[in-house]
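Asker:
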Amino acid sequence: RLVRDNAWRTVGGEGARRRRQRVAVTGLIATVLPDEDTPAPALIVNDGFFPDIDPAVFRKQHRIRDAVTPDRAREALIAAMLAVYRDLATWALSHRAAGTRNLADVRLSDGSISTIDGINTLVLLYQRAVFTAAKAEVVERYRDVDLTNAGQRKAEDLEPSVTELRRDSIHAIRDMLGVTRTTVELI
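Okay, so the sequence shown: first residue is 592 according to this note's numbering, each after it adds one.
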């Protein structure tokens, strides 16, 4: 796509009166478009209680670059689903034992179902937990290439990002469990 922008430049040489003049700057920004023949990635089918995960939604919501192959994104999502499942296994088992078929049917302690945009908030929190954990893994894995000094500094700048993504995943899980996000003990 072609981008036009206005910029300022200084005109006039030595001995001449220098002045600033607005000039039009034209630049070309290359955008890589996916092949139209490429099918959308298949859903990752979950266990029936937790919702299936759509890799296309993950890529769109978390701005996953095209450099991350669909297989690698899928692998990160499956690893995240396993980690989140491990953290929620006991909680999910208690809801299944109570006769709840899937996460979308889980009710709050007062018997209501909390929704945002027509979707159960627990489903949204589950998706957030999985997506942020998967994004953290993708960011970590793409630092394993040989880096220059400048690239190493940029990779170090990503460190808080990975930590923040993992924190967001843990917060979503804790919100699902109804547990506070901090623990304070008196010594």
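Virtual Cβ for every residue (Gly too), placed ideally from N, Cα, C.
Going by DSSP in three states, residue 655 sits in which element: helix, strand or coil?
Answerer: Your numbering for residue 655 matches position 64 in the sequence shown. DSSP places residue 655 in coil when its eight states are reduced to three.
Asker: Within 10 angstroms of its Cβ, does residue 697 collect 16 or more other Cβ (buried), or is it exposed?
Answerer: Locating residue 697 in the sequence shown gives position 106, where the first residue counts as 1. By the 10 Å Cβ count, residue 697 comes out buried.
Asker: How far does the alpha helix (DSSP H) with residue 776 in it extend, from its first residue to its last?
Answerer: Taking the first residue of the sequence shown as position 1, residue 776 is located at position 185. Segment: none, residue 776 is in no alpha helix (DSSP H) and carries neither H nor E.
Asker: Among residues of its own chain, excluding the 5 on either side of residue 643, which ones have a beta-carbon nearer than 8 Å to its beta-carbon?
Answerer: In the sequence shown, the residue the question calls residue 643 occupies position 52. The answer, listed in chain order, is 634, 635, 636, 637.
Asker: Measure how close the beta-carbons of residue 753 and residue 775 come, nearest whole angstrom, since I'm counting them as under 8 Å.
Answerer: Looking up residue 753 in the sequence shown gives position 162. Looking up residue 775 in the sequence shown gives position 184. About 26 Å; that fails the 8 Å criterion.
Asker: So what does DSSP say about residue 706, is it helix, strand or coil?
Answerer: Your numbering for residue 706 matches position 115 in the sequence shown. Note: residue 706 maps to strand in three-state DSSP.
Asker: In whole angstroms, what separates the C-alpha of residue 648 from that of residue 702?
Answerer: Reading the sequence shown from its first residue, position 57 is the one you call residue 648. Reading the sequence shown from its first residue, position 111 is the one you call residue 702. Looking at the two C-alpha atoms, the distance is approximately 30 Å.
Asker: Would you report the Cα separation of residue 632 and residue 663, rounded to the nearest angstrom?
Answerer: As a first step, residue 632 must be located in the sequence shown, where it is residue number 41. As a first step, residue 663 must be located in the sequence shown, where it is residue number 72. Going from the Cα of residue 632 to the Cα of residue 663 covers about 12 Å.
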